[in-house]
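The opening residue of the sequence shown carries number 2 in my numbering; numbering runs sequentially from there. We put the CB at the ideal spot given by N, CA and C, even for glycine.
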Amino acid sequence: MSGRKVIIKILEVERLNAKRFAEIIGVQPTQVYDLKSGKIKKISESVADKILDKFSKYSKTWLLTGDGEMLSESSLSKKVAGKIADLNHDYEVNNQNDSITMSREVFEMLNKLTDTVQSQQRVIENDMSEIKAAFKKAHPHGGNHNADIAGAV
Numbered sequence: 002m003s004g005r006k007v008i009i010k011i012l013e014v015e016r017l018n019a020k021r022f023a024e025i026i027g028v029q030p031t032q033v034y035d036l037k038s039g040k041i042k043k044i045s046e047s048v049a050d051k052i053l054d055k056f057s058k059y060s061k062t063w064l065l066t067g068d069g070e071m072l073s074e075s076s077l078s079k080k081v082a083g084k085i086a087d088l089n090h091d092y093e094v095n096n097q098n099d100s101i102t103m104s105r106e107v108f109e110m111l112n113k114l115t116d117t118v119q120s121q122q123r124v125i126e127n128d129m130s131e132i133k134a135a136f137k138k139a140h141p142h143g144g145n146h147n148a149d150i151a152g153a154v
């Protein structure tokens, strides 16, 4: 996958335009526009690092080469699990009203994990839409597309 396709996919998943994405990661908008247009063929190491600083869910290999998995191998999940284990003493369960108190760090990590899962869901939904569209294009007069697609997936 080219740098162009990688940046387009990120913008789609994050639901951002090129200018806003550039602002968030701290680069000039022209860098993002040039990647998006194909003028710049690949994402540089420094731009990849800036993306990962703000959007840690992406795989660095995928950002740089377009190969492999888009999302990092559950690094956030492992990090959250480790932090929760380390911070067990920071939360208490009150059995009277079932309230839970946890450290702000754990809460923020759970929020990031939730964002990652929602992002993955959007990617899957988008991929399914693309698969359905391709199937309909390949079989314009076919029968029950949903059943055929479900069987193919």
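Exercise for review: Could you have a look at Gly4 and say whether DSSP puts it in helix, strand or coil?
Suggested key: Position 3 of the sequence shown, counting from 1, holds the residue named residue 4. DSSP places Gly4 in helix when its eight states are reduced to three.
Check your understanding: What's the C-alpha gap between Glu38 and Val107?
Key -> Working through the sequence shown from its first residue, we reach residue 38 at position 37. Working through the sequence shown from its first residue, we reach residue 107 at position 106. Residue identity differs from the one stated: residue 38 is Ser in this sequence, not Glu. Whole-angstrom Cα-Cα distance: 39 Å.
Point to revise | C-alpha gap between Ile25 and Gln122, whole angstroms | key: Reading the sequence shown from its first residue, position 24 is the one you call residue 25. Reading the sequence shown from its first residue, position 121 is the one you call residue 122. Near 22 Å, if we compare the C-alpha coordinates of Gln122 and Ile25.
Review point. Considering only residues of the same chain and omitting the five flanking positions on each side of Lys51, which have a CB-CB separation below 7 Å?
Key: As a first step, residue 51 is located in the sequence shown; it is residue number 50 there, counting from the start. Hits under 7 Å: Ile26, Gly27 and Val28.
**Study point:** Residue of Thr31, Lys113 and Ala49 minimising C-alpha distance to Ile11
**Key:** As a working mapping, residue 11 is identified with position 10 in the sequence shown. It is Ala49 whose Cα lies nearest to the Cα of Ile11.
**Study point:** Where Leu17 falls: helix, strand or coil (DSSP)
**Key:** Position 16 of the sequence shown, counting from 1, holds the residue named residue 17. Looking at Leu17 - three-state DSSP - the assignment turns out to be coil, as it is neither helix nor strand.
Check your understanding: When you compare each of Arg21, Lys55, Ser73 and Asp54 to Trp63 by their alpha carbons, which one comes out closest?
Key -> Locating residue 63 in the sequence shown gives position 62, where the first residue counts as 1. The option with the nearest alpha carbon to Trp63 is Ser73.
Review point. Taking buried to mean at least 16 other C-beta atoms within 10 Å of its own C-beta, is Ile132 buried or exposed?
Key: The residue labelled residue 132 in the question sits at position 131 within the sequence shown. Under this definition Ile132 is an exposed residue.
Exercise for review: Determine the extent of the alpha helix (DSSP H) in which Lys1 is found, giving its start and end residues.
Suggested key: Residue 1 lies beyond the residue range present for the chain, which begins at 2 and ends at 154; the question has no answer from this structure.
Practice item. List the endpoints of the continuous alpha helix (DSSP H) containing Lys58. Key: Here residue 58 refers to the residue found at position 57 of the sequence shown. No alpha helix (DSSP H) holds Lys58; DSSP gives it neither H nor E.
Practice item. Tell me Leu72's beta-bridge partners as DSSP assigns them. Key: Position 71 of the sequence shown, counted from the first residue, corresponds to residue 72. Tyr59, per the DSSP bridge assignment.
Practice item. Consult DSSP for Gln122 and reduce its assignment to one of helix, strand or coil. Key: What you label residue 122 is simply residue 121 of the sequence shown in a count that begins at 1. Correct three-state label for Gln122: helix.
Review point. Which residues in the same chain have their Cβ closer than 8 Å to the Cβ of Leu65, if we skip the five residues on either side of it in sequence?
Key: Along the sequence shown, read from residue 1 onward, the residue named residue 65 stands at position 64. Closer than 8 Å at Cβ, skipping near neighbours: Lys43, Ile44, Glu46 and Ala49.
Check your understanding: Nearest to Val33 by CA position, among Met71, Lys6, Gly67 and Glu109, is which residue?
Key -> In the sequence shown, the residue the question calls residue 33 occupies position 32. It is Lys6 whose Cα lies nearest to the Cα of Val33.
Review point. DSSP on Pro141, reduced to helix/strand/coil?
Key: Here residue 141 is taken as the residue at index 140 of the sequence shown, counted from 1. Pro141: coil per DSSP, three-state reduction.
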